[in-house]
Amino acid sequence: MVRQPSWNKTCLKKGTWSPDEDQKLITYIMRHGIWNWNEMPKYAGLARSGKSCRLRWMNYLRPNIKRGNFTREEDETIVQLQKMLGNRWSAIAAMLPQRTDNDIKNYWNSRLKKRVVVENNSVSATTPATEINSGVKSDSDSLFLDTLLDSLIPKLKDFPEPATCTFSPSGSNHAAVVDNTCSMENNFVSSEKCWEIQSFSDNDCCQALSPNSQLWLYEPIYECNSNYDPVDDFWDSPFI
DNA sequence: AAGCGCGACAACCGCCACTCA
DNA sequence: GTGAGTGGCGGTTGTCGCGCT
Numbered sequence: 001m002v003r004q005p006s007w008n009k010t011c012l013k014k015g016t017w018s019p020d021e022d023q024k025l026i027t028y029i030m031r032h033g034i035w036n037w038n039e040m041p042k043y044a045g046l047a048r049s050g051k052s053c054r055l056r057w058m059n060y061l062r063p064n065i066k067r068g069n070f071t072r073e074e075d076e077t078i079v080q081l082q083k084m085l086g087n088r089w090s091a092i093a094a095m096l097p098q099r100t101d102n103d104i105k106n107y108w109n110s111r112l113k114k115r116v117v118v119e120n121n122s123v124s125a126t127t128p129a130t131e132i133n134s135g136v137k138s139d140s141d142s143l144f145l146d147t148l149l150d151s152l153i154p155k156l157k158d159f160p161e162p163a164t165c166t167f168s169p170s171g172s173n174h175a176a177v178v179d180n181t182c183s184m185e186n187n188f189v190s191s192e193k194c195w196e197i198q199s200f201s202d203n204d205c206c207q208a209l210s211p212n213s214q215l216w217l218y219e220p221i222y223e224c225n226s227n228y229d230p231v232d233d234f235w236d237s238p239f240i
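For the first sequence, the residue numbers in full-length UniProt numbering are 1 to 240.
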């Protein structure tokens, strides 16, 4: 059996995302979660490819993303990790909470790479070439990596007790925002105090991720009811 | 004011691995 | 086992703003 091809690719929009498109994507994901990137744009009212939507969400729209203004410490971390891992930007991004691989890659290509080249040139005047970028991790590199990894392993105390929903999502399994102190829009605009999308189980209870939870940064946890029909929900949506 | 070059950043493309029918 | 769909990754290109001439 062959799967049906998704969404007509001939009329897909390209180029810079407009604020309206951003809002549509945010609103849709806030309501329904991420269930299928290729199908999602159709129901979200976006003439974009799934890939484009995924990229936009992952790199710019999802909560808790820090952009620009790299600190000196982050600079050093990126340089060290690039030296050890090479251009494995996703791996490097995993070591830098709130930073995306695309952001790090751009930052490296536009700034850090030049700086490193200059520094290497100045070092190479006094250091044998074989000791530069030899690909062999030094003890200090290993220690650096160990320390970094240790700092990234979440400690139990860092997570508050899971929250429990006190309201009913009207019998639906839709993702929703639990933090009643801010609107959906605010939840994204002020990412610092953001509570994440919740997934509702059958008994209308839910588990919440901590606002500090790194889990959210990599893969939000959604439940998708197999009976859920996005088409029905699309037409019922008050946001569209 | 217009044209040009450059840097920074956003977005796309192609490939690969994995999953599913 | 096979082929199509999907998601993720890294390289590359496109776009925009700014400074210089």
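Yeah, the Cβ is synthetic: ideal placement off N, Cα and C, and Gly gets one too.
Remember, predicted model here, so these are calculated numbers, not experimental data.
For residue i, three-class secondary structure by DSSP
i	result
glutamine 82	helix
arginine 62	coil
isoleucine 69	The question names isoleucine, but residue 69 in the sequence shown is asparagine. Coil.
threonine 100	coil
lysine 114	helix
lysine 105	helix
threonine 77	helix
threonine 16	coil
Close-in-space but distant-in-sequence residues of the same chain around residue i (CB under 6 Å, 5 per side omitted)
i	result
aspartate 233	A caution first: aspartate 233 carries a pLDDT of 44, below 50, which makes its placement in the model unreliable, though a value can still be read off. Result list for aspartate 233: empty, nothing under 6 Å.
asparagine 102	Asn59
serine 52	none
glutamate 76	none
Start and end residues, alpha helix (DSSP H) containing residue i
i	result
glycine 50	50-56
arginine 31	19-32
alanine 44	40-44
residue 268	One cannot answer for residue 268 here, as it falls past the ends of the chain, which runs 1 to 240.
When the options are compared against residue i, the one with the closest alpha-carbon
i	options	result
tyrosine 107	Arg54, Met95, Ser52, Gly68	Gly68
isoleucine 34	Arg62, Lys13, Asn102	Arg62
lysine 83	Thr147, Val116, Tyr28, Met40	Val116
arginine 72	Arg111, Thr147, Asp22	Arg111
Cβ shell of residue i (< 8 Å), same chain only, five flanking positions each side left out
i	result
glutamate 74	Leu96, Arg99
arginine 54	Trp37
Nearest-angstrom Cβ-Cβ length linking residue i and residue j, presumed shorter than 8 Å
i	j	result
isoleucine 104	isoleucine 78	6 Å
glycine 45	lysine 14	Not quite, the Cβ-Cβ distance comes to about 17 Å (not below 8 Å), so this is no contact.
arginine 56	tryptophan 89	Arginine 56 to tryptophan 89, Cβ: 17 Å. No contact.
Other residues of its chain near residue i: CB distance less than 7 Å, five sequence neighbours each side excluded
i	result
methionine 58	Thr100
leucine 81	Ile92, Met95
leucine 12	Ala47, Arg48, Ser49
phenylalanine 70	Tyr107
aspartate 20	none
leucine 85	Ala91, Ile92
isoleucine 29	Trp57
asparagine 109	none
Check: residue i C-beta below 7 Å from any heavy atom of the ligand SAM
i	result
glutamine 23	Looking for the ligand SAM in the displayed structure turns up nothing, as the structure carries no ligands at all.
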